[in-house]
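Quick note on numbering: numbering that gives the first Met the number 0 labels position 122 of the sequence shown as 121, and the sequence is numbered without any gaps.
Just so it is clear, CB atoms sit at the ideal spot from N, CA and C, and this is done for glycine as well.
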Amino acid sequence: MGKNKRRATAIDRCPTCRINTHWCFCDHIQEIPSQIKVSIVMHYTERWLTSNTAYFAQLLLPNCQIIERGNIDQPIPSEPFTQNEQYLYLFPTEDSKPVTDFKAVKGKPIHLVVPDGSWSKAKKIHKREEVFKEMPKYHLTNVGESNYGLRKSPGENFLCTYEAIAHALEQLGEEQVKLDMLKFFDVFVSRVKMSRTGAFNF
């Protein structure tokens, strides 16, 4: 892409979908009903990256929030993670269990906690933040390949944060939520790729 086209993609960005208005996909943004609470723990340097997918999970899911970490002036709050809820910390560790093994307790809200960022950053969060050290760890199984492709993957069968949330919600019983999330995700990936190449026809 030439300098002029690259400059064009950075000007007149849509404040909601964060892309040049020519490729705006706000008409595809609709709230997806979900009963499960989701907290995305994000390194503060990731917040405004256009390739960050956690932002869209928060945008679509009514019970989803982003909590920043890594900022010395604003330590991560412990309050959101010390409630009377069933916590699942979504990250593969030596002692993590499959999400499909999770047993819900009736009347007790489920709270999915998802670390976000590069693989090297995400794997450090539960080790460095005291509130996550003892939280039950879970991992995904049988999720297939990622459709992301906007960042270099650290290996095969790695999902971006948005996809991981979608599959986790399905494995926790919300299949339609996953289908709706991935339908939107295909649009997001397609438009971002178009904006990077300067493709003005779609």
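Residue i - DSSP class collapsed to helix/strand/coil
i	result
residue 89	strand
residue 161	helix
residue 177	helix
residue 105	coil
residue 115	strand
residue 76	coil
residue 153	Unreliable positioning characterises residue 153 in this predicted model, as indicated by a pLDDT of 49, which lies under 50. The coordinate reading is nonetheless provided below. Residue 153 falls in the coil class under three-state DSSP.
residue 2	Its pLDDT being 47, under 50, residue 2 is placed unreliably by the model, and the measurement read from it follows with that caveat. Residue 2: helix per DSSP, three-state reduction.
residue 142	coil
Span separating the alpha-carbon of residue i from that of residue j
i	j	result
residue 147	residue 171	22 Å
residue 86	residue 187	29 Å
residue 153	residue 162	Annotation note: pLDDT 49 at residue 153 (below 50); position unreliable, no value reported.
residue 174	residue 190	25 Å
residue 63	residue 19	25 Å
residue 111	residue 28	22 Å
residue 59	residue 37	12 Å
residue 84	residue 49	32 Å
residue 121	residue 114	5 Å
residue 25	residue 67	25 Å
residue 127	residue 194	37 Å
residue 139	residue 185	21 Å
residue 23	residue 94	42 Å
residue 109	residue 197	42 Å
residue 47	residue 12	13 Å
residue 106	residue 44	37 Å
residue 130	residue 123	13 Å
Beta-bridge partners of residue i, as assigned by DSSP
i	result
residue 110	36, 86
residue 67	41
residue 192	Paired residues: none, contrary to the question.
residue 136	88
residue 96	137
residue 12	19
Integer Cβ distance of residue i from residue j, believed to fall under 8 Å
i	j	result
residue 57	residue 65	5 Å
residue 177	residue 169	4 Å
residue 90	residue 42	In fact, because the Cβ distance is near 14 Å, the residues do not count as touching under 8 Å.
residue 253	residue 31	Nothing can be reported for residue 253, as the shown portion of the chain is limited to 0 through 201.
residue 204	residue 137	Because the chain is modelled from 0 through 201, residue 204 falls outside the range shown and cannot be assessed.
residue 165	residue 98	Not confirmed; about 12 Å, so no contact.
residue 135	residue 88	6 Å
Where in the region 14–63 do unbroken runs of the alpha helix (DSSP H), each at least 4 residues long, occur, reported from the N-terminal end onward? 53–59
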